[in-house]
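**Q** In my numbering, the protein residues as written are 830 to 1154.
(1) Leaving aside the five residues before and after residue 1114 along the sequence, list all residues of the same chain whose C-beta is less than 8 Å from its C-beta, in chain order.
(2) Between which two residues does the alpha helix (DSSP H) containing residue 997 stretch?
(3) Checking 7 Å against the spacing of the C-beta atoms, do residue 1029 and residue 1057 come in under that value?
(4) Would you kindly report the start and end of the unbroken beta strand (DSSP E) that includes residue 863?
(5) Please return the same chain residues whose Cβ sits closer than 6 Å to the Cβ of residue 954, not counting the five positions on each side in sequence.
(6) Which residues mark the beginning and the end of the beta strand (DSSP E) in which residue 1079 is found?
(7) Let me check understanding here. Comparing Cα to Cα, which of 1138, 922 and 844 lies closest to residue 1150?
(8) For residue 886, is the classification buried or exposed, using 16 other Cβ atoms within 10 angstroms of its Cβ as the cut-off for buried?
(9) Do you know how far the Cα of residue 903 is from the Cα of residue 850?
(10) Touch check for the stretch 877 to 895 and the stretch 831 to 848: three-plus C-beta pairs under 8 Å?
(11) Please determine if the stretch 1107 to 1126 and the stretch 1053 to 1073 are in contact, where contact requires at least 3 C-beta pairs separated by less than 8 Å.
(12) Would you please state the rounded distance, in angstroms, between the beta carbons of residue 1144 and residue 1023? I believe it to be under 8 Å.
(13) Quick one: give me the first and last residue of the alpha helix (DSSP H) that residue 1043 is part of.
(14) Please return the same chain residues whose Cβ sits closer than 8 Å to the Cβ of residue 840, not counting the five positions on each side in sequence.
(15) For residue 899, tell me which candidate among 881, 1026 and 912 has the shortest Cα-Cα distance.
Now the structure itself:
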C-alpha cells in the first residue's frame, strides 16, 4: 500500500530555491538572501540541503564549505519550493517515489513555466524514481499524517482555477489514488489576509504526529479572521471526534502590515528537520507564546526560531520556501 510520507518522519534532505534578481525578491534581494542564508545554515546542522540557484558560483561563495550543502544550477521563476517541488511517497514496495504534479502559479496568478519544469530537469540529482502526474497540485495544500489521512482546504483544492474539469468526487478519488489515503479531510473555512494561495493548509493546520493537529486560533473578536478561524476550529473538532485526533491551538499574530497590506504571518508554517523544528517568528509579542507551545510539544527536537519578517513581504513563510525529501 502506497502512502504519503509525513513531514515529521525521517528525511533525506531539504530543498530550497535561492533568491535571484529575476524572482519576486528583486526589490530587496540582499535582505531576502540574508534570510535564506539563515534558514539554510540552520538546516545543514541537522541534514543535507539542496540549493537550487541561478548561478552556483554566485551563491556558493555565500556559504562556508559544508558536507551537507549541495548546489544545483537551474533558473526558476521564483523561490516557493514547497509548491513547485515534487512530493515524496512510499510505494507498495516501500520504495520512495517522487510525484511531480503540475504547478501553475497558484491557479495562473503568476508566471510558473520554469518552476513547473524544474523537477523534471533536475531529477537526475535525486536518488529516487520520479513520476509525472497530470494534475495541478501544490505541496502547501496537502498535509499527511503518514498513514490514512490527508488534510487540505476546499478553497484551494476544489478551486476551479486549478483542475476545472474535475468534480469534488473526482478530485477526492485522485488524491486517494496518488497518495494512498483512505480519507481526504477538507476544511471549508479558514484563511489569512494577504495569502496568494487560496488558503493553503500549511498556513492553517498541520499534523505533528499521526494523531495530532496544530492549528491557528484567534482570541481577538475584532480581527477580520475571527469568524472564519472559529468555523475552521469547529470543523477540526468534528474531524478530531471522528478520527480520534488531538488538537492544539497556535496563536495568531497581531496584524502585520507592509506597504499598507496585511501580511499572512502564521506559526503553522513551521519546518520539520531530523532532530529539530524551525519555527517562524515575526518580531511580535505572540512569538513568545508560540515558541513556548513548540518547546512543550517537541521535547525530543531542538526548537529554533527563524525571523521570517522578510519572507512574509512576499506572502509566504518558512515552510513555503522549503521542501522535504
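Cβ coordinates follow ideal geometry from the N, Cα and C atoms, glycine included.
**A** Checking against the coordinates, here is how it stands:
(1) 1083
(2) 997 to 1008
(3) no
(4) Run containing residue 863: none in the beta strand (DSSP E); it sits in the alpha helix (DSSP H), 858 to 872.
(5) 901
(6) 1075 to 1080
(7) 844
(8) exposed
(9) 14 Å
(10) yes
(11) no
(12) 5 Å
(13) Looking at the DSSP string, residue 1043 is not in any alpha helix (DSSP H); the run it does join, the beta strand (DSSP E), is 1041 to 1046.
(14) 876, 1101, 1102, 1103, 1153 and 1154
(15) 881
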